[in-house]
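Q:
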Amino acid sequence: MKLLSIFFFAVALSLCGGYAHAKPLVVEASVRDNPTIFFKGVSGNAGLSRAVQSFLYACGWFDLTNNPKADYQLSGKVSGNIFYFQLTLGGAPLGAWQLPVGKYDDRQLAAAAVDTVIEKSFKELKVRGFCSSKIAFCAQTSRGVRNIYVCDIDGNNARQVTRFNTLCVEPSWSPAGNSVIYSKYNPTGISVIETEVLGAGRSRLLSAFNGINAGAALSPSGRELALILSPDKKVDLYILDLRTRKRKRLTRGKSVEASPCWNPSGTELAYVSDETGNPRIFVSSRNGNNRRRLPSIGRDAVTPDWSGDNKIVYASRVGGSYALGVYDMATQSNKQITNNGGNWESPAWAADFRHVVAKCTINGKSGIYVVDTWTGKIRPLISTGYALSMPAWSPCRRKSVN
834 MKLLSIFFFA
844 VALSLCGGYA
854 HAKPLVVEAS
864 VRDNPTIFFK
874 GVSGNAGLSR
884 AVQSFLYACG
894 WFDLTNNPKA
904 DYQLSGKVSG
914 NIFYFQLTLG
924 GAPLGAWQLP
934 VGKYDDRQLA
944 AAAVDTVIEK
954 SFKELKVRGF
964 CSSKIAFCAQ
974 TSRGVRNIYV
984 CDIDGNNARQ
994 VTRFNTLCVE
1004 PSWSPAGNSV
1014 IYSKYNPTGI
1024 SVIETEVLGA
1034 GRSRLLSAFN
1044 GINAGAALSP
1054 SGRELALILS
1064 PDKKVDLYIL
1074 DLRTRKRKRL
1084 TRGKSVEASP
1094 CWNPSGTELA
1104 YVSDETGNPR
1114 IFVSSRNGNN
1124 RRRLPSIGRD
1134 AVTPDWSGDN
1144 KIVYASRVGG
1154 SYALGVYDMA
1164 TQSNKQITNN
1174 GGNWESPAWA
1184 ADFRHVVAKC
1194 TINGKSGIYV
1204 VDTWTGKIRP
1214 LISTGYALSM
1224 PAWSPCRRKS
1234 VN
């Protein structure tokens, strides 16, 4: 029972009650400044104008201002069936683009436009289509019932993905960003299912071995699944080949493992183990070799997530509550990115490798927030009467306008 309770500490860390709130949080002062941008609006389409402004704010790459002398100026108009928009820097033209209005709705047009502005303004950013990415999360709609939902990066356009009368938790994304993988509680155990977010919403069963099937994460190739299994009543880390159905066991012993995630190349895994007495994060090769413990802020480090630029974000107990830390694999350095109090849980990287989405609980009220790891700024993502938890940010799915 002790071992299982430790395992479910990591699995159920975000299953606490509470309700979301939308009061902004303030942490340490900015360490980097964003460029300012003045958005003149979209003439001829008020709804599109509101959507562009929402994505400009939510992307976190600019500071919106009402000053026309801002670093950047963005304007747009709809004429006939074409959305025209142009970007200037200090009044000098940087580019002009157009999109067909009938082909996309206002939010899709706005996301594509802001993605284009980001790419033009930050050429060093290697991720395209950031505003078109999605955030999955769990919502408790009644006692014992949690389902998976997705929303846009500004918290709007939320919709339900799963519709089960049980617990659906631990969402993660496929490498293509078109489906979510999650753990579904059944009367006799826990299984892993993949459900399309786009298209027909079809589902497929990925893992249903006896006992626990949890913490699943698809490899970057999409051909393998890292997950936690308990076929012999021992909770260990495995890799499941989805084509051959062969299992490779990476850990063995009395310790309990949880929350695996892949590095960008699919050659290593980070995961949680309690072998030292408290939950800690370990890293090993995909064969279980070269195993080492990850240094962390605080103690009881849990729920790691590995970014595309080789950083690991995690939650760790600092004092009497959990804060978020980032470990840079290249420099082997740690940084605490939240220090405003509250309990921070289940962090996940955004597709721009700059922002992190996480759950935070303050005074018994929980919400999902986006943390800027560069500036320390925090914004509320979504407000609802339901208890929300376990957010996961999708990879980018669509390119910006050429």
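Note that this note's numbering numbers the sequence shown so that position 349 is 1182, with each residue one more than the last. Ideal placement from N, C-alpha and C gives every residue a C-beta, glycine not left out.
#1: By how many angstroms is the C-alpha of V1204 removed from the C-alpha of T1171?
#2: At what residues does the beta strand (DSSP E) containing L922 begin and finish?
#3: Hey, out of G1174, N1196, R1126, whose CA is closest to M1162's CA?
#4: Counting along the chain, where does the beta strand (DSSP E) carrying A929 start and finish?
#5: DSSP on C964, reduced to helix/strand/coil?
#6: Give the DSSP-derived three-state secondary structure of C971 in the structure shown.
#7: CA-CA distance, T1217 and V978?
#8: Just to confirm, is the Cβ distance from G988 to L1221 under 7 Å?
#9: What is the DSSP secondary structure of Q886, reduced to helix, strand or coil?
#10: Given this structure, state the Cα-to-Cα distance separating K1087 from N1176, to the nearest angstrom.
#11: Considering only the alpha carbon of each residue, which of T1109, G1174, A1183 lies closest to K823?
#12: Let me know the secondary structure DSSP gives Q1169 once reduced to three states.
#13: Is the beta carbon of V994 sitting closer than 7 Å to the one on V983?
#14: Report yes if the C-beta distance between T1206 and V1159 is below 7 Å; otherwise report no.
#15: Within 10 angstroms of its Cβ, does A884 collect 16 or more other Cβ (buried), or is it exposed?
#16: With a cut-off of 8 Å, do at least 3 Cβ pairs link the stretch 863-882 to the stretch 897-911?
#17: Cβ of D1133 within 7 Å of Cβ of P1180?
#18: With H, G and I counted as helix, E and B as strand and the rest as coil, what does DSSP make of D1065?
#19: On the criterion of 16 or more Cβ atoms from any shown chain inside 10 Å, does G880 qualify as buried, or is it exposed?
#20: Could you pull the DSSP bridge partners for I1211 from this structure?
#21: If you follow the beta strand (DSSP E) that L907 is part of, which residue opens it and which one closes it?
#22: If you drop the 5 nearest sequence neighbours on each side, which residues of the same chain put their C-beta closer than 7 Å to that of L1073?
#23: What do you reckon, are the CB atoms on S1227 and S1036 nearer than 7 Å?
#24: In whole angstroms, what separates the C-alpha of I1026 from that of P1020?
#25: Once DSSP output is grouped into helix, strand and coil, what is the label at A991?
#26: What three-state label does DSSP hand S1227 in the structure shown?
#27: Which residues mark the beginning and the end of the beta strand (DSSP E) in which D1133 is found?
A: Walking through what the data contain:
#1: Between T1171 and V1204, the C-alpha separation is close to 8 Å.
#2: 915-922
#3: R1126
#4: 925-933
#5: Reduced to three states, the DSSP call for C964 is helix.
#6: strand
#7: Roughly 16 Å separates the two Cα atoms.
#8: no
#9: helix
#10: 29 Å
#11: Past the edges of the chain, shown from 834 to 1235, lies residue 823, and the structure says nothing about it.
#12: strand
#13: yes
#14: yes
#15: When all chains shown are included, A884 counts as buried.
#16: yes
#17: Contact flag unset, no.
#18: coil
#19: Here G880 is exposed: its Cβ has fewer than 16 other Cβ atoms, across all protein chains shown, within 10 Å.
#20: I1211 has V1204 as its beta-bridge partners, per DSSP.
#21: Taken as a continuous stretch (DSSP letters only), the beta strand (DSSP E) holding L907 covers 905-912.
#22: Result list for L1073: S1040, E1057, L1058, L1060, R1080, in chain order.
#23: no
#24: Spanning the alpha carbons of I1026 and P1020 requires a straight line of approximately 16 Å.
#25: In the three-state DSSP reduction, A991 falls in the coil class, being neither helix nor strand.
#26: coil
#27: 1132-1139
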